[in-house]
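Undergrad: Dumping the structure here so I can ask a few things about it.
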Amino acid sequence: MTDLRYLQAYPPHLQEQVRQMIASDRLGEYLRQRYPARHQVQNDKALYAYAQELKQSYLRSAPNLDKVLFDNRLDLTHRALGLNTAVSRVQGGKLKAKKEIRIAALFKDAAPEFLRMIVVHELAHLRERDHSKAFYQLCQHMEPDYHQLEFDLRVYLTYQELPNQS
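Take the sequence shown: its position 40, counted from the start at 1, is 40 in UniProt numbering, and no numbers get skipped.
In structure tokens:
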């Protein structure tokens, strides 16, 4: 039986559907048909502009972003696809908090929908720190298909971990 660590919180019937697709070697084809495109955001400057555009559209009053970048150190072993941090620095006699978003580098070669979902998730943390009901409502406000994209992203991560895949 295939271990579906990214899908453990989902109902057994959905997990079984994914297992059947893996067993019949159809999971990769499903993902390619559903998400055929790859995004054009390939560097930190473009990622910053992309995140700023989303922030301006949905979260104008949220704190400013000081840095948005792809991070090669974020990976699945740390269970972090993105991080939202506030780095405190002393400037003069004041303590300033710089808001940073780091996105796992594996999203450089992902579908645009997956990149948007991760950026939306991290931007939502500017307003809602916890994964609460309000947090997910905000995510859904910025990306109406958020929950489906999160599920499909978890299926994609499962596929990426299969032997001889990627």
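Every residue gets a Cβ at the ideal spot worked out from N, C-alpha and C, and that includes glycine.
The structure presented is a predicted model; accordingly, all values stated were derived computationally and were not measured.
Ordered along the chain, which non-local residues of its own chain (more than five positions away) have a Cβ less than 6 Å from that of Lys99?
TA: For the purposes of this step, residue 99 is taken as the residue at position 99 of the sequence shown. So the qualifying residues of the chain are Pro63, Leu65, Asp66 and Ala86.
Undergrad: For Leu59, tell me which candidate among Glu143, Ala124 and Gln160 has the shortest Cα-Cα distance.
TA: Taking the first residue of the sequence shown as 1, we reach residue 59 at position 59. Leu59 has its Cα closest to that of Ala124, out of Glu143, Ala124 and Gln160.
Undergrad: Give a yes or no on whether the C-beta atoms belonging to Leu69 and Arg102 are separated by under 8 Å.
TA: Within the sequence shown, residue 69 is the residue found at index 69, counting from 1. Within the sequence shown, residue 102 is the residue found at index 102, counting from 1. Closer than 8 Å, so yes.
Undergrad: In chain order, what residues of the same chain have a beta carbon less than 6 Å from the beta carbon of Tyr48, not counting five sequence neighbours either side?
TA: Position 48 of the sequence shown, counted from the start, is the residue given in the question as residue 48. Excluding sequence neighbours, Tyr48 sits near Val68.
Undergrad: Is it a yes or a no for the segment 6-25 touching the segment 152-166, going by three-plus beta-carbon pairs under 8 Å?
TA: Counting Cβ pairs under 8 Å, three or more are found: they touch.
Undergrad: Does the segment 11-20 come within contact of the segment 34-45, defined as at least 3 CB pairs closer than 8 Å?
TA: The segment 11-20, when compared against the segment 34-45, does not touch it at the 8 Å Cβ threshold.
Undergrad: Along the beta strand (DSSP E) that carries Leu69, what are the first and last residues, could you check?
TA: Locating residue 69 in the sequence shown gives position 69, counting from the first residue. Start and end: Lys67 to Asp71.
Undergrad: Tell me Glu95's beta-bridge partners as DSSP assigns them.
TA: In the sequence shown, residue 95 corresponds to position 95, counting from 1. First, the residue type needs correcting, since residue 95 is Leu and not Glu in the sequence shown. Looking at the DSSP assignment, Leu95 forms a beta bridge with Val90.
Undergrad: Just the C-alpha distance for Phe135 and Asp145, rounded to the nearest angstrom, thanks.
TA: In the sequence shown, residue 135 corresponds to position 135, counting from 1. In the sequence shown, residue 145 corresponds to position 145, counting from 1. Cα to Cα, the separation comes out at about 15 Å.
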